[in-house]
Structures are given as C-alpha cells and as structure tokens.
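Reading through the structure tokens given below for one structure.
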Amino acid sequence: MNKKSYWLLPTILLLFLSVGCGRKKSDTDQWNRIETDKRIIVGLDDSFVPMGFQNKSGEIIGFDVDLAKAVFALYDIEVDFQPIDWSMKENELQNQTIDLIWNGYSKTAEREEKVLFSDDYMKNEQVVVSLKKNGITQFSDMKDKILGAQNGSSGYHSFEDQPEILKDYVKDQTPILYDGFNEAFMDLKSGRIDGLLIDRVYANYYLSHEDNLADYSIVVGDFESETFAVGIRKTDSQLAEKINEAFAVLRKNGELEKISETWFGEDVTAIR
Numbered sequence: 011m012n013k014k015s016y017w018l019l020p021t022i023l024l025l026f027l028s029v030g031c032g033r034k035k036s037d038t039d040q041w042n043r044i045e046t047d048k049r050i051i052v053g054l055d056d057s058f059v060p061m062g063f064q065n066k067s068g069e070i071i072g073f074d075v076d077l078a079k080a081v082f083a084l085y086d087i088e089v090d091f092q093p094i095d096w097s098m099k100e101n102e103l104q105n106q107t108i109d110l111i112w113n114g115y116s117k118t119a120e121r122e123e124k125v126l127f128s129d130d131y132m133k134n135e136q137v138v139v140s141l142k143k144n145g146i147t148q149f150s151d152m153k154d155k156i157l158g159a160q161n162g163s164s165g166y167h168s169f170e171d172q173p174e175i176l177k178d179y180v181k182d183q184t185p186i187l188y189d190g191f192n193e194a195f196m197d198l199k200s201g202r203i204d205g206l207l208i209d210r211v212y213a214n215y216y217l218s219h220e221d222n223l224a225d226y227s228i229v230v231g232d233f234e235s236e237t238f239a240v241g242i243r244k245t246d247s248q249l250a251e252k253i254n255e256a257f258a259v260l261r262k263n264g265e266l267e268k269i270s271e272t273w274f275g276e277d278v279t280a281i282r
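If you use the working numbering, the sequence shown corresponds to residues 11 to 282, in order.
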C-alpha cells in the first residue's frame, strides 16, 4: 500500500462513519434539536385509513397527517412521515429512528409504561366488521369462526388481555394477524376470515367508500372505549408540552374542527 493510500484511509473512514451512523442517539430532551433542525420524523402505518395512508399517487395523507402538519407549522417545523412496521413502533421510537408515533395510536396502560402520551385528541373503540350473510350480530356469534386482527394493534392487545369478551369464542382462540387492514378486508370479502377486529374510525371510513356498504355489519362488544394520542419518548417532555400547546391553539383558531370535518364530515375530536 502506498503513502497516498495510507493518507486516504482516515478520510474514507470518517466519511463512512458520518454517513452510516446518521443522527446520534441521545437520552436528553430532543426539542432543542428538533427546533434547530426544523424537522421532525413521525412514524406511522401508511395503510391506516383515514388517519395516515398512501393514496393512489403514493402520497401519504390523512387526518393525523394534516393534524401533525398543522401542529408543527405553528413552530415552523417540517414533518417527515416515515412508514414503519407497526408491531415495532415503540422500538423505532426508543431507537430514535422516529421522533413520534402518530397514527391512530391508542393510549393504553401497557403503552404508558413505554411512552409518554400527548393529550387525547380523539375517541375510538374496537369493533368487529363482518359480512351480514355471516350472521354476526354480537361477539358471541364469532364462536368457532375465524377472526382477523392487525399485528401489534390495540385491538389485538385487548383481544389477548380480555379473552372472555372475544378470544374465548374465536376458532382456536387465535386470530389471523395482518400487517395492515387492506389485506384483511380482502380476506373478509373472499371469506377467508369471518370477522375483522378493527378500530371504528377505520371501519366507518373504509365502509363509507364501499359500493356494497349494505352487505356489511359493524358489531360493538364490551371492550372499553379508547382515546388516540401522540406517542412520545419519556425523555421528551418539552416536545409533549409543545404538542399540547399547539392542540389548544388549533382548537381555538378553528383549524382542528376544519381538519376533522374534512375527513369525517363533523368534529369528532376530543380536545376542548
């Protein structure tokens, strides 16, 4: 190896480290870094209609997308939306590959052990969607029938944590798990599954865009209602404060109601 090659090695190594390592992981509050960079990364499941999803052009749109943009526009910060494996969302947050989990993220006691939540901004509940021909009018009608659910979803956690409500009825006490709901609805239509455990906001939006809406039923069980909130690292308390302050501003100036009416036709938000 010649002298020139020796001289180049440190430079090449420095470039490799700077490109490969990316943002350094830190245990401190990240608000100052976010405010300085004018950029924040939101992790989402990009198939969760109508909260955050890809349209036919590949653009990520949705209620949560518009809300996140409105929140950080108040601070002149650009939002990057990063599709993630929803079952790994908390890991992505802690590893700092994303800054927030914001995509119809239900607040639960189990999740509160891992993340800091913003104020609640919407209510939700878990329902079972089925074809009416399957004759499912209550959860007990799922006895020995096949259920679908999203892997890592709050609905699936409720299914496991409260087996007497639904799990004990389902065939083999085990649902077919999906990474997203699009494939699940296709399987429901084809008869591969008999019912789909899903967030009501998704079910309402999805079925409202179906030509054969009358063919479906939405069944409510005894799972407790949920609230949606933004998932934040526990060390980022200042970031949480900024989001909550922005929620209050958007409620007061009417922007929150406007975003809700765009996606739901009415104000369904919980921020008062």
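No residue lacks a Cβ here, since even glycine has one placed at the ideal position from N, Cα and C.
Cβ-Cβ distance between residue i and residue j below 8 Å
i                 : j                : result
phenylalanine 195 : tyrosine 216     : yes
valine 81         : alanine 256      : yes
glutamine 136     : leucine 207      : yes
phenylalanine 127 : isoleucine 242   : yes
asparagine 8      : aspartate 86     : The shown model of the chain, from 11 to 282, leaves out residue 8, and the question about it has no answer.
isoleucine 228    : alanine 213      : yes
glycine 53        : phenylalanine 63 : no
tyrosine 166      : glutamine 172    : no
lysine 181        : isoleucine 156   : yes
lysine 99         : glycine 190      : no
methionine 132    : valine 230       : no
aspartate 90      : arginine 43      : no
asparagine 105    : aspartate 209    : no
aspartate 95      : aspartate 246    : no
aspartate 47      : methionine 61    : no
serine 116        : glutamate 234    : no
glycine 201       : isoleucine 146   : no
lysine 244        : tryptophan 41    : no
valine 139        : methionine 152   : no
Host alpha helix (DSSP H) of residue i (start-end)
i             : result
glutamate 276 : Run containing glutamate 276: none; DSSP gives neither H nor E here.
glycine 165   : 164–171
alanine 119   : 119–122
glutamate 100 : 99–104
Paired residues, beta bridge with residue i - DSSP
i                 : result
methionine 132    : Phe238, Thr279
leucine 198       : Answer is none; leucine 198 lacks a bridge partner.
arginine 49       : Glu88
alanine 159       : Leu187
glutamine 64      : Ile70
tyrosine 226      : Leu141
phenylalanine 58  : Gly62
serine 116        : Phe238
phenylalanine 127 : Gly241
isoleucine 111    : Gly53, Gly241
Segment limits, beta strand (DSSP E) that includes residue i
i           : result
leucine 206 : 205–209
Inter-residue CB distance, residue i and residue j (contact presumed, cutoff 8 Å)
i                : j                 : result
phenylalanine 58 : asparagine 113    : 5 Å
glycine 158      : aspartate 221     : Contact doesn't hold; Cβ gap of about 21 Å is too wide.
leucine 110      : phenylalanine 149 : Not confirmed; about 33 Å, so no contact.
leucine 141      : aspartate 232     : Not really, about 22 Å apart at Cβ, beyond 8 Å.
aspartate 56     : isoleucine 70     : 6 Å
serine 164       : threonine 118     : 6 Å
Closer than 8 Å to chain D by CB, residue i
i                : result
phenylalanine 91 : In the structure shown, chain D does not exist; there is a single protein chain.
message = To test your reading of the DSSP string, which unbroken beta strand (DSSP E) runs of 3 or more residues are found completely within the segment 230–269?
response = 236–238
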